[in-house]
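Residue numbers (the numbering used here), protein chains in the order written: chain A, 4 to 367; chain B, 4 to 367.
There are 2 protein chains.
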Amino acid sequence: VRDALEERAQAILRTETIRAVQWREGQLLLLDQRRLHAVCEYLAYTDATEVAEAIRAMVVRGAPAIGVAAAYAVVLAAGQAHAFAGSAWQTAVQTDLVKLRQARPTAVNLHWAIDRMQARLASLDGSDPVPALLELAITIHEQDLHACRRMGQLGAELIGTDANVMTHCNAGALATGGYGTALGVIRAAHSAGKLREVFVDETRPWLQGARLTAWELLREGIPATLIADGAAAFRMQAGGITWVIVGADRIAANGDVANKIGTYGLALSARAHGVKVMVVAPVSTFDTSIESGLAIPIEQRDGAELTALAGQSVAVPGVKTWNPVFDVTPALLVDVIVTERGVIMAPDAEKVRAVLGSGPASSR
Amino acid sequence: VRDALEERAQAILRTETIRAVQWREGQLLLLDQRRLHAVCEYLAYTDATEVAEAIRAMVVRGAPAIGVAAAYAVVLAAGQAHAFAGSAWQTAVQTDLVKLRQARPTAVNLHWAIDRMQARLASLDGSDPVPALLELAITIHEQDLHACRRMGQLGAELIGTDANVMTHCNAGALATGGYGTALGVIRAAHSAGKLREVFVDETRPWLQGARLTAWELLREGIPATLIADGAAAFRMQAGGITWVIVGADRIAANGDVANKIGTYGLALSARAHGVKVMVVAPVSTFDTSIESGLAIPIEQRDGAELTALAGQSVAVPGVKTWNPVFDVTPALLVDVIVTERGVIMAPDAEKVRAVLGSGPASSR
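Structure below.
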């Protein structure tokens, strides 16, 4: 059984050239995104606590990728718990699940994946839980990749020919189980010959655009131009941009979107210039338990992300900082949310409900 | 005469703790703003070509400071021309004036200062031109400092008590003959006990906010919080910000404002949140020869400003870049322009004309 699962885990990514999260021979491999683009190195994990720390430290980042990594981490946690505690593994594993949930607060996919794993876990007996849990983690991974490919197709259909688009942060293969959400749409549009240029916000403070998105696009020969975050509005004023295409970390029941800090300002600029805003996110990104974006917890990270870069001081020592790493874009500023279940034009609570279906997102 | 002028040049900055541009014993001293905050070092210039290069390389930056530095550079150029060419110095000096004018394209204060120096220069005979030109350069410097103090007063009167304000780039003592334009208003508001907190955009790519504005504010004990440029809209959404206060590099006859890249997006966000936008700029910043901001030349700088930082690569090598370092904010998004001659509420061509008076800006 394990061999067959290992083979299936390998097969997931056979078609992909960029693999942020991999399961191989009982280990979780994470491409260290702190060191990209300079160094392309995988770190191997066998301990769920260390995966939680890797998520916190942004070795792996991007809401869907965090979800997939957490699913595999639950497999590691259950395997260790069974090795130490035998048939009492279900009690032993709980601490690790809490640690994983607490790794980052905003991306709801993390909780969604752990919820699914925990439901399966609760149905197991005292015997080795790894095969059953690994099967589900692999399924979650496969589904995320398939969702990205489907969203790519659906989103690309909305884009006109010869399009100049803008993206923020990295919602690419690196941020997902593979292929990407926003960059999945951009990949699909490029394949369809519709794309002229992608303008990539560098995305301070972590520079996901400059380091990760530009890296993905260059690898695939998709025309990309890097701009400072502050240049986005001016580029829209210059004309010719038709879409802003971004991912999401959590979407409220009414369609409000939490995404990387800067997305909200970008959406305001887009609206002022008649540029449309497309949010591309699998249904695992929806949190229908909260009514609006106001209730989405926004992660604040260490001010050192602003004051230092590559070990160098880039701001005056001692200055206070405010470093929220996500913001909330009201649904009113979003023209369309693309999910693997279909597109939601001019999203509101009713339309979100219609696409998600009656069951919770996690029942897909 | 020279001793009296030297004494006057020293006297200008006696009240100031931050002195970006200084004339001392026949030399122009520029505080090297490329190395701030890490190193506080003055570079000494006796050659106008080298000053032109220093302006281009941003040893000195900020529209009014560039104007003052260029005025002193004309003194150096004329002195050298007279030493080499004697009474034919007026012909010999022209090449240096062209080089100075070409140093940076957007800030009009550079041309304004050189225009004034050139007019004086044309009135001189074949004898040593330095005293007369130095006298004018010092006057330009003094007037800029006085203008900043006056604008500080006028701008601070517009700000309510317990104010949270936001600023972009550095329009401080470092960017002017002293005291600052936007930061002059912030200094005056702080002195008047009106200020709660200044939110400082880090201002990519050159990080003028993180390195220079935060440095100025910390030195004077003005409460400052550094934020990523992309966090500005979200901070406004959180509430409590009443003013965005910025400088300008060129203002068209209709009140359109060219300022550091990112200002336009900030103004769009401000308007969306009912936050008012104050532009603080001496009349030397107005270019009434052009009707609207569309005609303002926007400097494009090397993409290396985006892709490298302190010698480290911070973006994928080989990525294309678009690095305009200014943008244009339409007058419609500006609530008030503060000049040393008075404030212009809801600026338009007529109101700009009324405050500038009938003569050209340079006749003040």
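All C-beta atoms, glycine included, are put in the ideal place defined by N, C-alpha and C.
Worksheet item: If we ignore side chains and look at the alpha-carbon of each, how far apart do B:Met120 and B:Ile244 end up?
Response: 42 Å
Fill in: Interface residues of chain A facing B:Trp325 [CB-CB closer than 8 Å]
Phe202, Thr228, Leu229, Ile230, Ala234, Arg238
Item to complete: Can you say whether A:Leu335 is buried or exposed, counting buried as having 16 or more other CB atoms within 10 angstroms of its CB?
Response: exposed
Worksheet entry | Which of helix, strand or coil DSSP assigns to B:Leu271 | helix
Discussion item. Taking CB distances under 8 Å as the criterion, tell me whether B:Asp330 reaches chain A.
Written reply: For B:Asp330, the nearest CB of chain A lies under 8 Å from its own CB, placing it at the interface with that chain.
Fill in: Coarse secondary structure for B:Gln211, derived from DSSP in three states
Here B:Gln211 sits in helix by DSSP.
Worksheet item: Since B:Ile230 sits in a beta bridge, which residues does DSSP pair it with?
Response: Under DSSP, B:Ile230 shares a beta bridge with B:Asp204.
Practice prompt. Look at the alpha carbon of B:Pro208 and the alpha carbon of B:Glu223, and state the distance between them as a whole number of angstroms.
Written response: Looking at the two C-alpha atoms, the distance is approximately 25 Å.
Worksheet item: Does any residue of chain A bring its CB to less than 8 Å from the CB of B:Arg214?
Response: Interface residue (Cβ-Cβ distance to chain A less than 8 Å): B:Arg214 is classified as such.
Item to complete: Could you name the residues of chain B that A:Leu309 contacts, counting a contact when the two beta carbons are closer than 8 Å?
Response: Glu205, Ala213, Leu229, Ile230, Ala231
Worksheet entry | Exposed unless 16 or more other CB atoms sit within 10 angstroms - verdict on A:Ala364 | With a pLDDT of only 48 at A:Ala364, under 50, the local geometry of the prediction cannot be trusted, and the value read off the model is given with reservation. Counting every other CB atom within 10 Å of its CB across the protein chains shown gives A:Ala364 a total of 16 or more, marking it as buried.
Discussion item. Can you find the residues in the same chain that come closer than 6 Å, C-beta to C-beta, to A:Ser366, ignoring five residues on each side of it along the sequence?
Written reply: With a pLDDT of 36 at A:Ser366, under the threshold of 50, the predicted position of this residue should be treated as unreliable, though the coordinate-derived value follows. There are no such residues.
Worksheet item: What do you reckon, are the CB atoms on B:Leu157 and B:Val337 nearer than 8 Å?
Response: Result no, Cβ atoms of B:Leu157 and B:Val337 do not sit closer than 8 Å.
Item to complete: Quick one: grab the DSSP three-state call for A:Lys102.
Response: helix
Worksheet item: In terms of alpha-carbon separation, which member of B:Ala60, B:Ala14, B:Arg27, B:Glu205 lies closest to B:Asp305?
Response: When each option's Cα is compared against that of B:Asp305, the closest is B:Ala60.
Discussion item. Going by DSSP in three states, A:Met61 sits in which element: helix, strand or coil?
Written reply: Three-state DSSP puts A:Met61 in coil, outside helix and strand.
Worksheet entry | Residue of B:Asp252, B:Ala241, B:Phe202 minimising C-alpha distance to B:Ile230 | B:Phe202
Worksheet item: Considering only residues of the same chain and omitting the five flanking positions on each side of B:Ile264, which have a CB-CB separation below 7 Å?
Response: Pro327, Val328, Phe329, Asp330
Discussion item. Cutting at 8 Å between CB atoms, please list the residues of its own chain near B:Val71, excluding the five before and the five after it.
Written reply: The beta carbon of B:Val71 lies closer than 8 Å to those of Val24, Ala116, Ala140, Ile143, His144, Asp147, Thr179, Gly180 in the same chain, with the five residues before and after it left out.
Discussion item. Measuring straight from C-alpha to C-alpha, what distance separates B:Ile293 and A:Leu269?
Written reply: 30 Å
Worksheet item: Name the residues in the stretch 254 to 275 of chain B whose C-beta lies less than 7 Å from a C-beta of chain A; which are they?
Response: Ile264, Gly265, Tyr267, Gly268, Leu271, Ser272, Ala275
Discussion item. A:Val111 and A:Ala185 - do their beta-carbons sit closer together than 8 Å?
Written reply: no
Worksheet item: Is any beta-carbon of chain B found at less than 8 Å from that of A:Ala217?
Response: Closer than 8 Å: yes.
Item to complete: Could you give the DSSP three-state label for B:Trp325: helix, strand or coil?
Response: coil
Discussion item. For chain A, check one thing: does any of its Cβ atoms lie closer than 8 Å to the Cβ of B:Ala357?
Written reply: The beta-carbon of B:Ala357 is placed no less than 8 Å from the nearest beta-carbon of chain A.
Discussion item. For a cutoff of 8 Å on Cβ pairs, would you count B:Ser366 as touching chain A?
Written reply: Interpretation of B:Ser366 is limited by its pLDDT of 36, a score under 50 that renders its predicted location unreliable; no figure is taken from the coordinates.
Fill in: Local conformation of A:Lys354 per DSSP, three classes
Helix at A:Lys354.
Item to complete: Consult DSSP for B:Ile189 and reduce its assignment to one of helix, strand or coil.
Response: helix
Item to complete: Show which residues of chain A have a CB atom less than 8 Å away from the CB atom of B:Leu312.
Response: Leu312, Ala313, Gln315, Val317
Worksheet item: What residues from the stretch 37 to 55 of chain A come within 7 Å of chain B, judged by C-beta to C-beta, listed N to C?
Response: Look at the stretch 37 to 55 of chain A: the residues with a C-beta under 7 Å from a C-beta of chain B are His40, Ala41.
Worksheet entry | Within chain B, the residues that A:Val322 reaches when beta carbons sit closer than 7 Å | By Cβ distance, chain B contributes Ala217, Leu221, Ala227, Leu229.
Discussion item. Against chain B, with Cβ distances strictly below 8 Å, would A:Pro208 count as a contact?
Written reply: yes
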